Amino acid sequence: MDATAVSCLRGDLTRLARRLRQEARNDPESWTRMLVISAIDRLGDEATPSALARAENMRSPNLAAILRDLEASALVTRTPDQVDRRRIRVRLTDEGREILRQNRRRRDEWLAEAMNACLTERERAQVFTLGPLLVRIAAYGGIALIVIILQNTPS
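The sequence shown begins at 1 in UniProt numbering and counts up one residue at a time.
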């Protein structure tokens with residue numbers, strides 16, 4: 001495989017990731033909080049502090065602080081598991097789901113606008129076929145930023 005081409009692709013994906021992150025900067029929620037909120041949504045009933053730490057590649061103390069903050073902001077609830085009371089389940093509140101929906105909508109709108117302005121219909125179709133391939137690459141060896149980006153764009 002051509003090392004220069006691989007390096008160029010990495011740079012291209014990094015630029016897109018940065019641009020999508022810039023769109024989130026207008027959001028009242030921080031990028032890190034939004035990543036955790038999104039992971040809670042993605043994991044659903046499997047969302048526990050340890051599962052979130054693995055999914056987002058975060059240290060437990062950092063995640064614990066974010067979860068405390070999200071809970072204090074009434075965006076998540078933490079409750080003991082019904083079967084194993086030692087385990088804590090993390091769930092989004094209605095307000096947390098709404099903030100996630102609005103954040104995704106803003107970034108989706110920017111992405112759709114940019115794609116419509118910059119790409120032909122054929123090119124847009126090519127980009128959409130790349131999505132699943134990028135997710136497969138990102139899953140190799142663990143979670144990567146592109147997985148987070150793709151999961152926060154229209155499916």
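Each residue gets a CB set at the ideal place from its N, CA and C atoms; glycine is no exception.
Fair warning: this is a prediction, and the values are worked out from it, not measured in the lab.
_What would DSSP say about Arg-91, mapped onto helix, strand or coil?_
Arg-91 falls in the strand class under three-state DSSP.
*Around the C-beta of Asp-12, are 16 or more other C-beta atoms found within 10 angstroms, so that it is buried, or is it exposed?*
With fewer than 16 other CB atoms across the displayed protein chains lying within 10 angstroms of its CB, Asp-12 is exposed.
_Check whether the stretch 90-107 and the stretch 32-51 are in contact - that is, three or more C-beta pairs closer than 8 Å._
Yes, the stretch 90-107 is in contact with the stretch 32-51.
*Once you ignore the five residues that flank Glu-23 on each side, which residues in its own chain have a CB closer than 7 Å to its CB?*
Excluding five sequence positions before and after Glu-23, the CB atoms of its chain that fall closer than 7 Å to its own CB belong to Arg-106, Arg-107 and Trp-110, given in chain order.
*Is it buried or exposed for Val-36, if we count other Cβ within 10 angstroms and need 16 for buried?*
Buried, since its Cβ has 16 or more Cβ neighbours within 10 Å.
_Which of the three DSSP states is assigned to Arg-42 in this structure?_
Helix at Arg-42.
*asked:* Run through the DSSP bridge pairs and tell me what Pro-61 is partnered with.
replied: Beta-bridge pairing by DSSP links Pro-61 to no other residue.
*Is it right to say Gly-96 is buried, meaning 16 or more other beta carbons lie within 10 angstroms of its own, or is it exposed?*
Buried, because 16 or more other Cβ atoms sit within 10 Å of the Cβ of Gly-96.
*Buried or exposed: which applies to Glu-113, given that a residue is buried once 16 or more other Cβ atoms fall within 10 Å of its Cβ?*
Answer is exposed; the Cβ neighbour count stays below 16.
_Looking at Met-34: is its Cβ nearer than 8 Å to the Cβ of Asn-103?_
Yes. Within cutoff.
_For Pro-61 and Ala-53, I'd like the C-alpha separation in whole angstroms._
Cα to Cα, Pro-61 sits roughly 9 Å from Ala-53.
*Thinking just about the alpha-carbon of each residue, which of Gln-82, Arg-85 and Ile-99 is nearest to the one in Ser-73?*
Measuring from the Cα of Ser-73, the nearest candidate turns out to be Ile-99.
*Out of Asp-94, Trp-31, Ala-3 and Asp-84, point me to the one whose CA is closest to Thr-77's CA.*
Closest by C-alpha distance to Thr-77, out of Asp-94, Trp-31, Ala-3 and Asp-84, is Asp-94.
*For Thr-77, three-class secondary structure by DSSP*: Thr-77: strand per DSSP, three-state reduction.
*Buried or exposed for Ala-125, please, with buried defined as at least 16 other CB atoms from any protein chain shown within 10 angstroms of its CB.*
With fewer than 16 Cβ atoms within 10 Å of its Cβ, Ala-125 is classed as exposed.
*Beta carbon of Ala-64, beta carbon of Pro-80: below 8 Å?*
Not in contact: Ala-64 and Pro-80 (Cβ atoms no closer than 8 Å).
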